[in-house]
Each structure stands twice: as C-alpha cells, then as structure tokens.
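Taking it in order: structure first as structure tokens, then the write-up.
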Amino acid sequence: TVGWYKVSVYFGHFYRGNNKVARYTLYHKDGSSQFDINQENSANYNRWIDLGTFEFDGIFTLDINPVVEPIVADAVKLEPVSIGGSLARNLPERSDLNDGFDEVVAETFDLSDPYPNPFNSQTIISYHVAEPTMVSINIYNQIGQEIRTLINEDKYPGIYQVIWDGRDNFGNQASTGIYLYRMRADKFIAVKKIILIH
40 TVGWYKVSVY
50 FGHFYRGNNK
60 VARYTLYHKD
70 GSSQFDINQE
80 NSANYNRWID
90 LGTFEFDGIF
100 TLDINPVVEP
110 IVADAVKLEP
120 VSIGGSLARN
130 LPERSDLNDG
140 FDEVVAETFD
150 LSDPYPNPFN
160 SQTIISYHVA
170 EPTMVSINIY
180 NQIGQEIRTL
190 INEDKYPGIY
200 QVIWDGRDNF
210 GNQASTGIYL
220 YRMRADKFIA
230 VKKIILIH
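Residue numbering for the sequence shown is 40 to 237, as defined by the working numbering.
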C-alpha cells in the first residue's frame with residue numbers, strides 16, 4: 040500500500056559470547072504488512088544498507104552483529120513493499136535512534152504496566168531481564184486458569200516488549216474482563232492486572 044507509515048523503534052544491546060550485538064525491535068500497529076528494512080550507515084550519511092525484506096504483524100526484532108556487519112547505525116527505516124515486490128512510492132518517517140551505541144542494559148528484573156490498558160485489539164508489555172535466564176510471561180483469567188503463554192524462552196540481559204492480541208493459546212478471542220499477567224525469571228516473579236474490552 041502506498042503511503043506513510045509510523046513505526047516505533049526500540050533500541051538496545053546484548054552480548055552473544057564476547058560479541059556485542061545491536062538489537063532493533065520494530066513495532067508496527069497497522070496490520071500485517073511486508074516491509075523492506077534498511078539500516079543507515081552513519082559514516083556515509085543517508086546511505087542505507089538493505090537488511091532484507093520481512094513480513095510481520097505487530098512486533099519484529101532484528102539483531103545486528105557489528106563484528107560481522109561493521110555498520111555504526113543511528114537510524115532504521117522501513118519501506119512498504121507491494122505484493123509484486125516493487126517498492127511503494129512513499130517512504131515512512133525516519134526513526135532516529137540518537138547515539139547508536141549507547142548502552143541499554145537492564146540492571147534489575149522488572150515487569151512494566153501494559154500499554155494501552157484497558158485495551159481492545161492489542162497491548163504492549165515491556166519487561167527487563169538483568170541476567171541470562173529462562174523467562175516466562177503468561178496470561179491468566181480471574182479464576183487462575185492460564186489462557187495464553189506469551190514468552191517461554193531463554194533471554195539475554197536487556198529490555199524487551201511482547202504483544203498480547205487478546206487471544207488464548209488456541210487463537211480464540213478472550214472475553215471482555217480483567218486478566219492477570221505474570222512474569223517469572225529465575226527467582227523474580229511479578230503479577231499485574233490487564234483489562235480487555237470489546
């Protein structure tokens with residue numbers, strides 16, 4: 040679709056072995072689309088390095104290893120791509136990342152309030168991981184039944200986001216009501232409230 044696209048970009052780092060890896064998390068809220076993702080080479084301003092074409096709905100995380108790909112980036116842009124593969128005429132707004140290599144490292148485990156809350160179609164849950172560990176985030180109804188597993192995997196230290204689309208593990212739409220979401224990471228456990236409205 041030709042047009043302008045507003046995209047939120049979250050930026051951080053983690054370590055894969057001894058290599059420092061730049062992590063870009065792109066949040067797109069206008070439905071499932073195909074995008075050409077580019078990274079700006081700040082040594083040659085306004086020269087964009089094509090990182091590939093990806094299709095995603097909601098959230099997409101891209102890791103760049105500067106040891107393998109020596110690009111000091113201060114921006115990421117997305118270009119909408121048509122079904123036939125040709126680029127749309129208009130480009131989205133540039134998403135500045137300020138200083139591309141500022142450290143963004145979580146010092147403590149933390150589970151943030153969802154945004155928006157209450158929500159209708161989807162909401163973003165941010166969480167902090169302070170050390171490499173298994174992390175799980177689950178949604179529960181008011182009688183304590185687990186209805187959705189959002190995250191259940193090993194994570195490196197960093198700041199992350201996950202989206203809940205209001206559906207259960209079987210893809211069924213959850214009913215209007217109050218739900219709890221719980222994060223467990225090593226000895227850290229946090230529970231918060233979330234409200235779904237149709």
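Built from N, CA and C at the ideal position, the CB exists for glycine as well.
Item                                                                                   : Value
Backbone CA spacing between A229 and H237 [nearest angstrom]                           : 26 Å
Cβ-based burial, G216 [other Cβ within 10 Å; buried from 16]                           : exposed
F158 in three-state terms, based on DSSP                                               : strand
Alpha-carbon to alpha-carbon, P155 and Q38                                             : Missing from the structure shown is residue 38; the chain here goes from 40 to 237 and no further.
Distance between R223 and Q184 (C-alpha atoms, nearest Å)                              : 16 Å
Selection from F158, T147, N191, L189 that minimises the alpha carbon distance to E170 : T147
Under the three-state DSSP convention, the category Y16 falls into                     : Lying outside 40 to 237, the shown extent of the chain, residue 16 is not represented and no answer is given.
Proximity winner among Y166, Q161, K231, relative to Q17 (alpha-carbon distances)      : Residue 17 cannot be examined here, being either before or after the span of the chain that is shown, 40 to 237.
Element boundaries [beta strand (DSSP E), containing R187]                             : 185-194
Alpha-carbon spacing of K231 relative to E192, whole angstroms                         : 20 Å
Secondary structure of H167, DSSP reduced to three states                              : strand
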